Amino acid sequence: MKTVALILLSFLSCCCFSQSNKTAKNVIIIYADDHSYHALGAMGNKVVKTPNLDKLAASGMMFTQTHVMGGHQGAVCVPSRVMLLTGRYVNRLPGDGGNIPDSLVSLPEVLRSKGYTTYHTGKWHSDKASHHRMFSTGGDIFLGGMHFNRDGGQAHPTVYTFDSTGSYPASRKRNSDTFSTTLYANNAIQFLSSKTAKEKPFFCYVAFTSPHDPRTPPAAFEKIYDPANIPLPPNFMSKHPFDNGDMLVRDEQLLPTPRDTAATKKDIALYYGMVSEMDAQVGRIMEALDKAGLRENTLIVFAGDNGLAVGQHGLLGKQNLYEHSIRVPMIISGPGIPSNAKTNGFTYLSDIAPTVYEYLGIKAPASVEAKSFFSVLKDPSKSIRKNIYNVYGHWSRSIKTEDGFKLILYNVDGILTTQFFDLKNDPWETKDLSKDERYSNKITAMRALLKKEMIITHDNLNIDLPNWGRTEKQKPRGS
0 MKTVALILLS
10 FLSCCCFSQS
20 NKTAKNVIII
30 YADDHSYHAL
40 GAMGNKVVKT
50 PNLDKLAASG
60 MMFTQTHVMG
70 GHQGAVCVPS
80 RVMLLTGRYV
90 NRLPGDGGNI
100 PDSLVSLPEV
110 LRSKGYTTYH
120 TGKWHSDKAS
130 HHRMFSTGGD
140 IFLGGMHFNR
150 DGGQAHPTVY
160 TFDSTGSYPA
170 SRKRNSDTFS
180 TTLYANNAIQ
190 FLSSKTAKEK
200 PFFCYVAFTS
210 PHDPRTPPAA
220 FEKIYDPANI
230 PLPPNFMSKH
240 PFDNGDMLVR
250 DEQLLPTPRD
260 TAATKKDIAL
270 YYGMVSEMDA
280 QVGRIMEALD
290 KAGLRENTLI
300 VFAGDNGLAV
310 GQHGLLGKQN
320 LYEHSIRVPM
330 IISGPGIPSN
340 AKTNGFTYLS
350 DIAPTVYEYL
360 GIKAPASVEA
370 KSFFSVLKDP
380 SKSIRKNIYN
390 VYGHWSRSIK
400 TEDGFKLILY
410 NVDGILTTQF
420 FDLKNDPWET
430 KDLSKDERYS
440 NKITAMRALL
450 KKEMIITHDN
460 LNIDLPNWGR
470 TEKQKPRGS
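Residues in the sequence shown are numbered consecutively from 0, following numbering that gives the first Met the number 0.
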């Protein structure tokens with residue numbers, strides 16, 4: 000009897016193991032635009048309403064420390080999206096990702112070669128040729144960085160119908176009467192409901208342009224948030240204390256300086272309205288997956304391309320290296336992913352591609368530089384990184400470590416500035432400890448670590464050299 004019980008226990012253990020390690024054949028990636036890590040209920044925000052994303056987080060794993068590595072110009076979303084699709088680090092993206100050469104083999108390209116239908120709807124901020132290589136079909140495509148009001152804004156987005164030739168002539172261009180996020184969700188739902196999605200494995204990339212400005216949420220979502228009831232973040236400032244290298248970039252001119260508290264609260268309220276509207280569309284896409292019977296066979300990835308300040312540190316945009324701008328939400332759900340799981344391990348958005356390769360059992364191309372966090376999906380207590388390095392422009396670099404310390408260095412027109420934060424005790428980065436002698440040895444050690452990470456990530460600057468080793472004249476800032 001004891002032997003039978005042991006055999007039965009062994010059998011049940013094997014069954015449980017095989018169930019927990021099953022994988023999907025389909026992949027859907029939903030990418031938000033300017034969605035900071037803190038603008039999510041599942042991350043502890045008690046004001047913003049994101050019931051569908053919170054539900055998705057409960058069904059899978061929430062990553063609390065996911066980062067965009069950065070960019071060398073104001074449109075950080077360009078390299079972010081290329082890093083997502085290629086698994087490449089930012090310093091070796093030609094033109095910061097504006098053009099993706101054949102040598103950088105992308106996730107959708109590999110899956111397409113494996114017989115996958117590769118589908119895209121929404122934003123595309125790189126060259127048309129690379130898009131043509133990656134996607135076999137698609138819905139409405141927005142070629143650009145943001146929906147300007149002069150072009151119809153978020154309410155009347157200017158889009159192109161997917162062009163299988165990759166040329167995208169003016170004849171395929173139109174202004175839609177459907178709000179941007181709803182339009183792209185409609186496209187995704189139509190695809191997920193199609194015969195194609197049910198008959199062949201697919202890679203579905205839904206690239207929202209929300210909650211990026213112009214922040215004009217539909218009336219129903221704008222009414223959710225009364226600016227008078229919006230709390231200012233603990234690190235709100237009327238003005239940033241020094242020139243951080245890009246004070247005149249477009250994002251920073253959306254409100255007057257010094258920042259007015261009432262205007263800032265209104266901007267946050269509109270930002271949250273955009274987030275909630277996008278959340279509703281994520282819910283519709285998840286419903287479509289369920290209705291099509293595809294949920295149990297699909298790996299779901301939700302993430303933001305970069306964060307946003309919206310009044311924090313006296314800033315509005317993402318062109319800086321504070322936590323609000325480099326950290327993004329990331330949720331992964333699907334077969335084999337534990338539910339109600341959370342990990343605090345460091346990850347980059349570029350780690351998504353190698354992780355999906357490993358999840359699907361496909362060898363990653365040689366051009367991938369990032370790390371797979373597949374082991375974390377099986378055990379949230381594991382971590383693949385001990386440090387996070389970030390870059391913005393040629394004038395700022397940062398490093399943070401597992402023990403909660405963060406160093407930011409600036410070289411703006413020859414003026415050197417250092418910031419040092421204890422994130423465990425000061426998560427909002429309100430107390431600069433760089434002048435505190437108690438941390439002098441730690442700062443020295445972190446400078447050395449930053450130099451090492453810069454070498455590993457192919458950064459062409461050297462923080463120990465005059466002007467950080469730059470020989471050419473500094474480009475105009477704010478362009």
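Built from N, CA and C at the ideal position, the CB exists for glycine as well. These figures come from a predicted structure and were not determined experimentally.
Its chain contains Val248, Asp250, Glu251, Leu307, Ala308 as the residues whose beta carbon lies nearer than 7 Å to that of Gly316, once the 5 sequence neighbours on both sides are disregarded; these appear in chain order.
The Cβ neighbour count for His124, taken over all protein chains shown within 10 Å, is at least 16; the residue is labelled buried.
Here the C-alpha atom of His312 lies approximately 14 Å from the C-alpha atom of Pro255. DSSP places Lys127 in the helix class (H, G or I) of the three-state scheme. Annotation: Phe419 to Arg80 spans about 29 Å, alpha carbon to alpha carbon. Setting aside the 5 residues that flank it on each side, Leu103 is surrounded in the same chain by Thr85, Arg87, Ser366, each with a C-beta closer than 7 Å to its C-beta; the list follows chain order.
Cβ neighbours of Asp126 within its own chain (closer than 6 Å, five residues either side excluded): Asn98.
Residue pairing from DSSP places Arg396 in a beta bridge opposite Val390, Leu408.
Counting only the Cα atoms, Phe207 lies some 7 Å from Tyr183. By the Cβ-count criterion, His323 is buried, with 16 or more other Cβ atoms from all chains shown falling within 10 Å of its own Cβ. With respect to the C-alpha of Thr181, the residue from Leu142, Pro216, Ala169, Asn410 having the closest C-alpha is Pro216. Of Leu448, Met329, Lys199, Pro213, the smallest CA-CA separation from Asn148 is found for Pro213.
Secondary-structure assignment with DSSP links Thr297 through a beta bridge to Asn25. In the three-state reduction of the DSSP assignment, Met60 falls in the strand class, which pools E and B.
The C-beta of Gln189 has fewer than 16 other C-beta atoms within 10 Å across all chains shown, which makes the residue exposed. Burial check for Pro230: the Cβ neighbour count within 10 Å stays below 16, so the residue is exposed.
The three-state secondary structure of Lys238, taken from DSSP, is coil. If you compare the alpha carbons of Gly152, Gly43, Met60 with that of Phe372, the shortest gap goes to Met60. In this structure the stretch 436-450 lies against the stretch 392-412, because at least three pairs of beta carbons, one per stretch, are closer than 8 Å. Secondary structure at Asp463: coil, using DSSP grouped into helix, strand and coil.
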